[in-house]
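Participant: The letter at position 162 of the sequence shown is residue 170 when you use our numbering, and the numbering goes up by one with no holes. Even for Gly, the Cβ is constructed at its ideal location relative to N, Cα and C.
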Amino acid sequence: MELNEKELLRYDRQIRISGFGVEGQIKLKKSSVLVAGLGGLGSPAALYLAAAGVGKLVLVDREKVELSNLNRQILHWTDDVGKTKVESALEKLKRLNPEVEIVGLVDEIGEGNVYNLVKEVDVVVDGMDNFKTRFLLNEACVRLRKTFVHAAVYGLEGRLTTIIPGRGPCLKCLLPMEPNETKTFPVLGPTPAVMASLQAIEVVKVIVGIGEPLVGKLLVFDGERMEFMQVSVNRLKNCPVCGSI
């Protein structure tokens, strides 16, 4: 597989990164990524991954665009209200980068389809807004040996970790008990954009093979104080998900 002249020009600035090169861009072109959820996290993550030249993006979301989404879900605009988020995202991403294959599925991720979705891709981006689905994705990624880039936000706070099965802890190690959740939680729009941008960086690093991914580390962002903090996370020997691998 090679890059054409337009691709070489489109991706010129990242190709110049040390250790990236044309070879790294070809790795991206060969890769496939599942973006699970097209809300505050999934929207900017999908934008940056499409712009970076990931070969295939699989987008999954069952919801329609609502007016209350628009402070943070930047793929969706005012005239998209009432459309499915998948339809709205497809329109923007295909215009942004026609070189990328984009598949959109209007569906809910659950026990019946999670393994089929995960097995077809190289990396999964966690853009979900509930931990029930996050734990399903985590388990499928561990069982199928797929990288899972998790992020979550609340208000002006966010967190991020990268789960590579066999190399470090999984989401269940980090959160042995499913957190209590409220249906509607506060969030300032740029907060998920910060975390989603970091998710996109992690995805590219893992695929291209540059840098050090956040395996065994939780990156915590405090937007009120503009501080980042890293916390070490260990594997649980008796973890019901990853303890046996």
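Which runs of the beta strand (DSSP E) at least 3 residues long sit entirely within the stretch 76-116? Give them in chain order.
Facilitator: As far as the stretch 76-116 is concerned, its whole beta strand (DSSP E) runs of at least 3 residues are 109-113.
Participant: How is tyrosine 19 classed by DSSP in three states: helix, strand or coil?
Facilitator: Correct three-state label for tyrosine 19: coil.
Participant: For the stretch 107-174, list the alpha helix (DSSP H) runs that are entirely contained and at least 4 residues long, ordered along the chain.
Facilitator: Entirely contained in the stretch 107-174, the alpha helix (DSSP H) runs reaching 4 residues are, in chain order, 122-127, 139-152.
Participant: Given this structure, state the Cα-to-Cα distance separating isoleucine 82 from serine 51, to the nearest angstrom.
Facilitator: Looking at the two C-alpha atoms, the distance is approximately 6 Å.
Participant: With a Cβ-Cβ cutoff of 8 Å, do asparagine 138 and glutamate 189 count as a contact?
Facilitator: In this structure, glutamate 189 lies closer than 8 Å to asparagine 138 by Cβ.
Participant: Should the stretch 201-219 be regarded as contacting the stretch 19-29, the criterion being three or more beta carbon pairs within less than 8 Å?
Facilitator: Yes, they touch.
Participant: Give the DSSP-derived three-state secondary structure of serine 40 in the structure shown.
Facilitator: Reduced to three states, the DSSP call for serine 40 is strand.
Participant: On the criterion of 16 or more Cβ atoms from any shown chain inside 10 Å, does proline 177 qualify as buried, or is it exposed?
Facilitator: So proline 177 counts as buried.
Participant: If you measure between the beta carbons of proline 200 and leucine 244, is that distance less than 8 Å?
Facilitator: No, they are not a contact pair.
Participant: What does the Cβ neighbour count give for lysine 14, buried or exposed, with the cut at 16 atoms within 10 Å?
Facilitator: Result: exposed.
Participant: DSSP state of phenylalanine 237, grouped into three classes?
Facilitator: As written in the sequence, residue 237 is methionine, which differs from the phenylalanine given in the question. Looking at methionine 237 - three-state DSSP - the assignment turns out to be strand.
Participant: Thinking C-alpha only, which one of Gly135, Arg175, Leu226, Asp20 is nearest leucine 55?
Facilitator: If we check each option's Cα against that of leucine 55, Gly135 comes out closest.
Participant: If we ignore side chains and look at the alpha-carbon of each, how far apart do arginine 153 and glycine 197 end up?
Facilitator: Between arginine 153 and glycine 197, the C-alpha separation is close to 32 Å.
Participant: Just to confirm, is the Cβ distance from glycine 61 to asparagine 12 under 8 Å?
Facilitator: No, the pair does not count as a contact, with Cβ atoms beyond the cut-off.
Participant: Going by Cα to Cα distance, which pick from Val241, Glu165, Val214, Gly231 is closest to lysine 254?
Facilitator: Residue coverage of the chain in this structure runs from 9 to 253, which leaves residue 254 outside it and unanswerable.
Participant: Count the other CB atoms within 10 Å of the CB of isoleucine 253; is the residue buried (16 or more) or exposed (fewer)?
Facilitator: Flag for isoleucine 253 reads exposed.
Participant: DSSP has lysine 64 in a bridge; who is on the other side?
Facilitator: Looking at the DSSP assignment, lysine 64 forms a beta bridge with Ser40, Glu109.
Participant: Thinking C-alpha only, which one of Glu31, Trp85, Lys64 is nearest glycine 47?
Facilitator: The candidate whose alpha carbon is nearest that of glycine 47 is Trp85.
Participant: As a quick exercise: from Ala44, Ser96, Leu78, Thr170, pick the residue whose alpha carbon is nearest that of lysine 225.
Facilitator: Ranking Ala44, Ser96, Leu78, Thr170 by Cα distance to lysine 225 puts Thr170 first.
Participant: Which complete alpha helix (DSSP H) runs does the stretch 177-201 hold, if anything under 4 residues is left out?
Facilitator: Taking only runs of at least 4 residues, the alpha helix (DSSP H) segments lying wholly in the stretch 177-201 are 179-182.
Participant: I'd like the list of long-range same chain contacts for glutamate 109, defined as Cβ closer than 7 Å, with 5 residues on each side in sequence excluded.
Facilitator: Around glutamate 109: Gly63, Lys64.
Participant: From glutamate 31 to aspartate 20, what does the alpha carbon distance come to, in whole angstroms?
Facilitator: In a straight line, the C-alpha of glutamate 31 is about 12 Å away from that of aspartate 20.
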